[in-house]
DNA sequence: CCAAACTGTTTTAAGCCTAAAATGTTTTCC
DNA sequence: GGAAAACATTTTAGGCTTAAAACAGTTTGG
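Protein chains in written order, with the working numbering: chain A, 291 to 462; chain B, 291 to 462.
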């Protein structure tokens, strides 16, 4: 229950933000709930991937990115898409090349760049896993109505935009 | 765009689920968006904790759990609350005891059990960090209206319940 | 009583992950 | 042209994380 006065104080005139210690308990609880949901689902998916296919979640995620890019991606692209560090991708790719799921080659036009693709084996295995994976997700969300799903999509889009804006404020 | 026929087929009579390969693209997109939001916010919080306080996110999370339990918690409790493995907690606690933030002692009534608490230093540092942390979260979610927050809370509660049910189906 | 089942924690082995520094390559722009 | 900036990737050092096995203590049921 945020006091209505807080909003009024925050909006008044051109003066700098009022220094009243505000109550942000609701946002904090929202963040913890968001984190709980993600951790719960992520753990479940991780376990099923391991049990059914003996594959890790990061490997699956990387293959998912590549499946959408038949012409391959650079390591930087992958790193941005997966929102993980560059060094992380290096190791992940190493292991997937080793196991025959990925093909990696140096770009001919820019020798800094490594382009990676799924191999035939990699694509086949990924498709097989992805089909089952989709049913797991459907089951995990199965109590939500189509309207719930739409509404969540909308609110999470707004959340994402808000967080990106906030992050940009700190790192202009 | 899910075909309306899918829903009709699923609901017809008592027959077992129809084997039509269904379209769960919406749920999949929802899951990816949820994951994106969490990753984005988590990364932001992690970076700020490191820059401002030179502390890692898992250490902060563990201290947050203990701050809510003045009489201490067992490692198992912490592990369940944080939704991480037991072994993970062991190492985390080790480092926080080493740095003087945690106190750890064997329970007198059950010698298997380790009870951990925040030290005076640990509590003071945590409170300092938590105050700032709360403003970061508020800022990250600042584009959401109070109504958005309430609605998200409600939908995520439903999501959590759905996922827990699904997980329980596989591991009864 | 005491063996078996159970519970709480630690250890192990392997992989994931990050931030920061280092390396090699290309672009910019004077 | 060549120094400086920018870029892509790898390396490094350290911490996080998991699943499974091992260990230690407690409870239970014959």
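The C-beta atom is built at its ideal place from N, Cα and C for all residues, glycine as well.
If you measure between the beta carbons of residue 380/A and residue 365/A, is that distance less than 8 Å? Within the first chain, numbered from 1, the residue matching residue 380/A stands at position 90. Within the first chain, numbered from 1, the residue matching residue 365/A stands at position 75. For residue 380/A and residue 365/A, yes; Cβs fall inside 8 Å.
Go to residue 393/B, then tell me how far its beta strand (DSSP E) extends in each direction, as first and last residue. Here residue 393/B is taken as the residue at index 103 of the second chain, counted from 1. Where residue 393/B is concerned, the enclosing beta strand (DSSP E) stretches over 392 to 396.
Per-residue burial, residue 349/A [other beta carbons within 10 Å of its own, 16 or more giving buried]: Position 59 of the first chain, counted from the first residue, corresponds to residue 349/A. So residue 349/A counts as buried.
How many angstroms separate the CA atom of residue 416/A from the CA atom of residue 353/B? Translated into positions along the first chain, residue 416/A becomes position 126. Translated into positions along the second chain, residue 353/B becomes position 63. If I take the Cα positions, the gap works out to 39 Å.
Residue 344/A CB to nearest chain B CB: under 8 Å? Translated into the one-based positions of the first chain, residue 344/A becomes position 54. By this cut-off, residue 344/A is not an interface position.
State the DSSP-derived secondary structure class of residue 405/A, mapped to helix, strand or coil. Position 115 of the first chain, counted from the start, is the residue given in the question as residue 405/A. Three-state result, residue 405/A: strand.
Check the Cβ-Cβ distances between residue 323/A and every residue of chain B, and say whether any is below 8 Å. Reading the first chain from its first residue, position 33 is the one you call residue 323/A. Chain B contact via Cβ: present.
From 449/A, 454/A, 433/A, 448/A, residue whose alpha carbon lies closest to that of residue 450/B: Residue 450/B sits at position 160 when you count from the first residue of the second chain. For the residues 449/A, 454/A, 433/A, 448/A, the minimum Cα distance to residue 450/B belongs to 433/A.
Roughly how many angstroms lie between the CA atoms of residue 383/B and residue 397/A, to the nearest whole one? Within the second chain, the letter at position 93 stands for residue 383/B. Within the first chain, the letter at position 107 stands for residue 397/A. Computed Cα separation, rounded: 46 Å.
Report all residues from its chain with a CB closer than 6 Å to the CB of residue 395/A; omit the five preceding and five following residues, and keep chain order. The residue you call residue 395/A lines up with position 105 of the first chain. Within the same chain, residue 395/A has close Cβ partners 405.
Name the residue from 442/A, 401/A, 448/A, 441/A whose alpha carbon lies nearest to the alpha carbon of residue 435/B. For the purposes of this step, residue 435/B is identified with residue 145 of the second chain, where counting begins at 1. Among 442/A, 401/A, 448/A, 441/A, the Cα nearest to that of residue 435/B is on 448/A.
Taking all protein chains shown into account, decide if residue 328/A is buried (16 or more other Cβ within 10 angstroms of its Cβ) or exposed. By one-based count along the first chain, residue 328/A stands at place 38. Buried.
Out of 461/B, 462/B, 390/B, 452/B, which one is the CA nearest neighbour of residue 326/A? In the first chain, counting from the first residue as 1, residue 326/A sits at position 36. Among 461/B, 462/B, 390/B, 452/B, the Cα nearest to that of residue 326/A belongs to 452/B.
Should residue 370/B be flagged as near chain A, meaning a C-beta pair shorter than 8 Å? For the purposes of this step, residue 370/B is taken as residue 80 along the second chain, with counting starting at 1. No, residue 370/B does not count as interfacial toward chain A.
Are any of the Cβ atoms in chain A nearer than 8 Å to that of residue 454/B? Working through the second chain from its first residue, we reach residue 454/B at position 164. Residue 454/B counts as touching chain A.
Residue 308/A classed as buried or exposed, judged by whether at least 16 other C-beta atoms fall within 10 angstroms: On the first chain, position 18 is the one that residue 308/A refers to. Note on residue 308/A: pLDDT 49, under 50, position unreliable in the model; the coordinate value appears next. The residue is exposed, with fewer than 16 neighbouring Cβ atoms inside 10 Å.
Using 8 Å for Cβ pairs, my map puts residue 411/B next to residue 390/B. What's the rounded Cβ distance? Locating residue 411/B in the second chain gives position 121, counting from the first residue. Locating residue 390/B in the second chain gives position 100, counting from the first residue. That belief holds up - the Cβ atoms of residue 411/B and residue 390/B are roughly 5 Å apart, short of 8 Å.
Does any C-beta atom of chain A lie closer than 8 Å to the C-beta of residue 281/B? Given that chain B is displayed from residue 291 to residue 462, the structure contains no residue 281/B and the question cannot be resolved.
With a floor of 4 residues, list each alpha helix (DSSP H) that falls wholly inside the stretch 328 to 369 of chain B, ordered by position along the chain. 347 to 357
Buried/exposed call for residue 363/A, threshold 16 Cβ in 10 Å: Working through the first chain from its first residue, we reach residue 363/A at position 73. Classification of residue 363/A: buried, given that the 10 Å Cβ count is 16 or more.
Just the C-alpha distance for residue 337/B and residue 461/A, rounded to the nearest angstrom, thanks. Walking along the second chain from the start, residue 337/B turns up at place 47. Walking along the first chain from the start, residue 461/A turns up at place 171. About 11 Å.
What does the alpha-carbon distance come out to for the pair residue 302/B and residue 429/A? Indexing the second chain from 1 puts residue 302/B at position 12. Indexing the first chain from 1 puts residue 429/A at position 139. In this prediction, residue 302/B scores a pLDDT of 45, lower than 50, which makes its location untrustworthy; the coordinate-derived value is nonetheless stated afterwards. Roughly 19 Å separates the two Cα atoms.
Contact check, residue 347/B vs residue 356/B, beta carbons under 8 Å: Numbered from 1 along the second chain, position 57 holds the residue referred to as residue 347/B. Numbered from 1 along the second chain, position 66 holds the residue referred to as residue 356/B. For residue 347/B and residue 356/B, no; Cβs fall outside 8 Å.
With respect to 7 Å, is the separation between the Cβ of residue 414/A and the closest non-hydrogen atom of the ligand GDP below this value? With respect to small molecules bound, the structure shown includes none, and the ligand GDP cannot be examined in it.
What three-state label does DSSP hand residue 399/A in the structure shown? As a first step, residue 399/A is located in the first chain; it is residue number 109 there, counting from the start. Correct three-state label for residue 399/A: coil.
In this structure, does DSSP put residue 322/B in helix, strand or coil? Mapped onto the second chain, residue 322/B falls at position 32. It is helical.
Going by alpha carbons, who is nearest to residue 386/B out of 351/B, 456/B, 444/B? Along the second chain, one-based indexing puts residue 386/B at 96. Among 351/B, 456/B, 444/B, the Cα nearest to that of residue 386/B is on 351/B.
Quick one: Cα of residue 367/B to Cα of residue 403/B, how far? The residue given as residue 367/B occupies position 77 in the second chain. The residue given as residue 403/B occupies position 113 in the second chain. When rounded, the distance between both Cα atoms is 11 Å.
Could you tell me whether the Cβ atoms of residue 332/A and residue 457/B are closer together than 8 Å? Here the question's residue 332/A lines up with position 42 in the first chain. Here the question's residue 457/B lines up with position 167 in the second chain. Not a contact, by the Cβ cut-off of 8 Å.
Beta-carbon proximity of residue 413/B to residue 446/A, cut-off 8 Å: To locate residue 413/B, count along the second chain from 1; it is residue 123. To locate residue 446/A, count along the first chain from 1; it is residue 156. Not closer than 8 Å, so no.
By Cβ distance, which residues of its chain are closer than 6 Å to residue 454/B, with the 5 residues on each side in sequence left out? On the second chain, residue 454/B is found 164 positions in, with the first residue counted as 1. For residue 454/B, where only same-chain residues beyond five positions count, there are no Cβ hits under 6 Å.
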